[in-house]
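Below is one structure, written out as structure tokens, with a few remarks after it.
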Amino acid sequence: MKFTIMGSIAASTLLASMAMAEEVRVYNWSDYIDESLLQKFEDETGIDLVYDVFDSNEVLETKLLAGGSGYDVVVPSGTFLQRQITAGAFQKLDKTKLPNIENQWDVIEDRLKKYDPEGEYAVNYMWGTTGLGVNVNKVKEVLGDDAPIDSLALIFDPANMEKLASCGVYFLDAPVEIIPAALAYLGENPDSQDAEVIEQAEPLLTAIAPHVQKFHSSEYINALANGSICVAFGWSGDILQARDRAAEADNGVEIAYNAPTEGALMWFDSFAMPVDAPNPEAGLKFINFMMDAQNAAAASNYVYYANGNFASQALLAEDVIGDPAIYPTEKTLKNLYTTSPYDPKLQRVVTRMWTKIKSGT
Amino acid sequence: MRRFALIAVPYLWLLFLFLVPFLIVFKISLSDLALAIPPYAPTFKDGIAEMLRQFDFENFVFLTVDDLYWKAYLSSLQIAFFSTLITLMVGYPMAYGMARAPEEWRATLMMLVILPFWTSFLIRVYAWIGILSNDGFLNQLLMWIGLINEPLTILNTNIAVYIGIVYTYLPFMILPIYAALDRLDESLNEAAEDLGCSRMQAFWLVTIPLSKNGIIAGCFLVFIPALGEFVIPSLLGGSGTLMIGKILFEEFFNNRDWPVASAVAVVLLLILIIPIVLFQRNQQRQAEAEQ
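Protein chains in written order, with full-length UniProt numbering: chain F, 1 to 361; chain Y, 1 to 291.
In structure tokens form, the structure reads like this:
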């Protein structure tokens, strides 16, 4: 009898250690989660979570298209999601394993259909806008009190940029973000797929590029927060994180975010599962965990991005749900545009143009 | 048989670590962009005959159509050349100092040269961001001394790239030169001075020529990796820094065009073959001379 008890203890510890060995691999954007959620997921499910980060869609896409990325859950943005679905990089999500999907916000689900028409491959994690982060005092010092901090003229009018260059301007290193903004500033359709229209952005951007200190898609958070630059054209939540870091450091730096009045790009980062995910079951558990209202709220409260989870809204901090920079007003929401992926030929034109703008050749 | 085995080892090495990867890259450079996994066509799945039929040199032709590529190659050659020159000018006196240092010091000095390798290359390059940025250590120091009033913009310029390359590759320059100088017979210099040379003349006429092999080896060890450098220009360089390593990255990651990226890599390799062959020949001649 004693022997069997010993045996069953041994068996159960063995089972437990096997369960511990189960692993889920998640590849998400940098600075994009409340890290205590990672521990919480491991505690709740007993699954080991390997959490890696990237800072550009391009890097993610290259890994996905090379195949065998080894990740169970990845977080591409809209146009990239659409192209990767076409390339056959994702598997359909088994909705029966995602009971928390009822928490999702239909408004965002509808907008996401532009990229995932049947809503089969992706569920939204966060969404936001691309706009202007400014160090309010420095910009006013340089441009005067009526500086257009909520207009694209701030960064696309060479006269302004010449003056701002002295205190430092960073741009996202992502043509798919900057070119639509330039087209919006010119009064063209930001989602244009016409090479001739897109090329109109070139002289505009060439004129201001010398005044841009750096094109980079993540360094501006720190640079804004510690006051070493005064303007960044970047993602809403990143800039709001910079605002908060500056406030915490109490270094006298005051950061503000504005979606440009000319219209702002609205983007969606969504959970999707690579077609060759090693552990899809665990991946679904992770996605479901993140769609829990509590967890989605914790993530948004931490990263200052709006999420696609309606049920979480009641649980959001007042400075998140009440901040129009994060959850835009009805009116701003109408002013937001979305973009479509470029086909390979147009993509080459765009990348080439981008290199030319950045390096002058 | 034994002789055959001895020859076979380096050739197998070359085959697996150089020729096979090169052929894979070359194969991709002959294919076309596709929206699939992997993102090019044709692949082996289409069958060898079909694959060969679809191959063409379109991507290589494309590289000649757009002036971006040759400008990037030229600019890389220029940056690699001048940073090699600067590394030589900095590294030679250091190697000379080491070789002339008292015997008991040399091991320590050698250790100091190698020590930076104990830290990750990436972290060391990152550290330079902290040193060179507008509110970095260097600018703070210079302003504190009173040499400058406004911070110098060094980070995100080509100057920062030169600093990064020289710093990173300095040990590769010092070590072969030190090895050459260490073996140098001091009495040769004394003989030159006895025969009427000044110390300076003796240095130019005796020391430099006798350390030539070390200089050549050091220069190639710096020049070859510097030419394809990606990390240093992308972390320290600005948007105006045009280097082929960055172009390669863009072709892969921004255009997702593996075939063109592979063509860029093949051409880079062809450019590198000239200095690599020269280097090999120099090494061989040296080995023969020693026998």
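Think of the CB as a built atom: it goes at the ideal place given N, C-alpha and C, for glycine as much as any other residue.
Minimum C-alpha distance to residue i - residue among the options
i, options, result
"residue 301 of chain Y", "Y:PHE81, Y:LEU88 and Y:THR168", "Here chain Y comprises residues numbered 1 to 291, so residue 301 of chain Y is not present and cannot be evaluated."
"Y:LEU184", "Y:PRO171, Y:GLY214, Y:GLY196 and Y:ARG199", "Y:GLY214"
"F:PHE41", "F:CYS167, F:ASP292 and F:LYS358", "F:ASP292"
"Y:ASN158", "Y:GLY97, Y:TRP118, Y:GLY238 and Y:GLY130", "Y:GLY238"
"F:VAL73", "F:PHE310, F:ALA182, F:ALA317 and F:VAL26", "F:VAL26"
"F:PHE286", "F:ILE101, F:ASN301 and F:PHE80", "F:ILE101"
"F:VAL59", "Y:ARG256, Y:ARG285 and Y:VAL277", "Y:ARG256"
"Y:ASN149", "Y:ASN134, Y:ILE163 and Y:LEU155", "Y:ASN134"
"F:ALA184", "F:TYR342, F:VAL139, F:TRP105 and F:ALA264", "F:ALA264"
"F:PHE215", "F:LEU333, F:ALA147, F:LYS356 and F:ILE85", "F:LYS356"
"F:LEU186", "F:VAL197, F:GLU177, F:GLN193 and F:LEU164", "F:VAL197"
"F:ALA223", "F:PRO210, F:ASP244 and F:ARG111", "F:ASP244"
"F:GLU35", "F:ARG111, F:ASN301 and F:VAL253", "F:ASN301"
"Y:PRO275", "Y:ASP56, Y:ALA226, Y:GLN140 and Y:LEU30", "Y:ALA226"
"F:ALA314", "F:PRO117, F:TRP105, F:ASP43 and F:ASP343", "F:TRP105"
"Y:VAL231", "Y:LEU122, Y:PHE44, Y:LEU175 and Y:ASN282", "Y:LEU122"
"F:TRP127", "F:ASP343, F:ALA201 and F:ASN309", "F:ASN309"
"F:LEU64", "Y:ALA80, Y:PHE62 and Y:PRO39", "Y:PRO39"
"F:GLU98", "F:ASN124, F:PHE80 and F:TYR305", "Sequence check: residue 98 of chain F is Leu here, not Glu. Of the candidates F:ASN124, F:PHE80 and F:TYR305, the one whose C-alpha sits nearest the C-alpha of F:LEU98 is F:ASN124."
Inter-residue Cα distance where the pair is residue i and residue j
i, j, result
"Y:ILE28", "Y:PHE60", "12 Å"
"F:SER17", "F:LEU49", "At F:SER17, the pLDDT of 48 sits below 50, so the modelled position is not reliable and the matter cannot be decided from this model."
"Y:ALA267", "Y:ILE24", "Reading off the sequence shown, one finds Val at residue 267 of chain Y, where the question assumed Ala. Approximately 14 Å between the Cα atoms of the pair."
"Y:LEU205", "Y:LEU188", "11 Å"
"F:LYS113", "F:GLY78", "9 Å"
"F:ASP173", "Y:LEU109", "43 Å"
"F:ARG83", "F:THR129", "21 Å"
"Y:GLY47", "F:LEU284", "37 Å"
"F:MET290", "Y:ILE7", "59 Å"
"Y:LEU242", "F:ASN28", "30 Å"
"F:VAL349", "Y:GLU250", "13 Å"
"F:VAL231", "F:ALA182", "16 Å"
"Y:LYS71", "Y:ALA265", "15 Å"
"F:LYS140", "Y:GLY97", "55 Å"
"Y:LEU15", "Y:ILE273", "16 Å"
"Y:LEU147", "Y:ALA127", "23 Å"
"Y:PHE18", "Y:ILE145", "51 Å"
"Y:SER211", "Y:ALA180", "5 Å"
"Y:LEU248", "Y:TYR162", "20 Å"
"F:ALA225", "F:ASP55", "18 Å"
"Y:TRP118", "Y:LEU112", "11 Å"
"Y:ILE216", "Y:ALA95", "14 Å"
"F:TYR304", "Y:LEU33", "38 Å"
"F:PHE171", "Y:LEU152", "21 Å"
Test item: CB-CB of residue i and residue j under 8 Å
i, j, result
"residue 384 of chain F", "F:VAL212", "Lying before the first or after the last residue shown, residue 384 of chain F is absent from chain F, which here runs from 1 to 361."
"Y:ALA160", "Y:LEU138", "no"
"Y:ALA107", "F:ALA87", "no"
"F:VAL107", "F:PHE271", "no"
"Y:PHE82", "F:THR62", "no"
"Y:MET173", "Y:VAL222", "yes"
"Y:THR84", "Y:CYS219", "yes"
"F:PRO324", "F:ALA89", "no"
"Y:VAL65", "Y:LEU236", "no"
"F:LEU154", "F:ALA147", "yes"
"Y:ILE177", "Y:GLY91", "yes"
"F:THR351", "F:PRO175", "yes"
"F:GLY144", "F:PRO260", "no"
"Y:ARG199", "Y:GLU190", "no"
"F:GLY253", "F:GLY227", "The sequence given here has Val at residue 253 of chain F, not Gly. In contact: F:VAL253 and F:GLY227 (Cβ atoms closer than 8 Å)."
"F:TYR337", "F:ASP116", "no"
"F:GLN91", "F:ALA277", "yes"
"F:TYR51", "F:LEU93", "no"
Beta-carbon separation (whole angstroms), residue i vs residue j, contact threshold 8 Å
i, j, result
"F:GLU23", "F:ASN288", "F:GLU23 to F:ASN288, Cβ: 17 Å. No contact."
"F:ASP194", "F:TYR220", "Between F:TYR220 and F:ASP194 the Cβ distance is about 30 Å, and since that is not below 8 Å, they are no contact."
"F:ALA299", "F:ILE47", "Actually they are not in contact, since the Cβ atoms of F:ALA299 and F:ILE47 sit about 18 Å apart, beyond 8 Å."
"F:SER236", "F:ILE326", "7 Å"
Proximal residues of chain Y, C-beta to C-beta of residue i below 7 Å
i, result
"F:GLU22", "Those within 7 Å of F:GLU22 in chain Y number zero; the least Cβ separation is about 26 Å."
"F:THR351", "GLU250, ASN254 and ASN255"
Chain-ordered neighbours of residue i on chain F, where CB pairs are closer than 8 Å
i, result
"Y:SER239", "ALA209, VAL212, LYS214, PHE215, LYS358 and SER359"
"Y:ALA36", "LEU65, ALA87 and GLY88"
Chain A within 8 Å of residue i, Cβ atoms only
i, result
"Y:ASP56", "Protein chains F and Y are contained in the structure displayed, whereas chain A is not."
Contacts that residue i makes with chain F (C-beta to C-beta distance below 7 Å)
i, result
"Y:ARG256", "GLU61, THR62 and LEU65"
Chain Y contact residues for residue i, given Cβ-Cβ distances below 8 Å
i, result
"F:GLU58", "PHE253, ASN254 and ARG256"
"F:ARG348", "ASN255 and ASP257"
Within chain Y, partners of residue i - CB distance below 9 Å
i, result
"F:SER228", "SER133, ASN134 and ASP135"
"F:PRO344", "LEU33, ALA34, LEU35, ASN255, ARG256 and ASP257"
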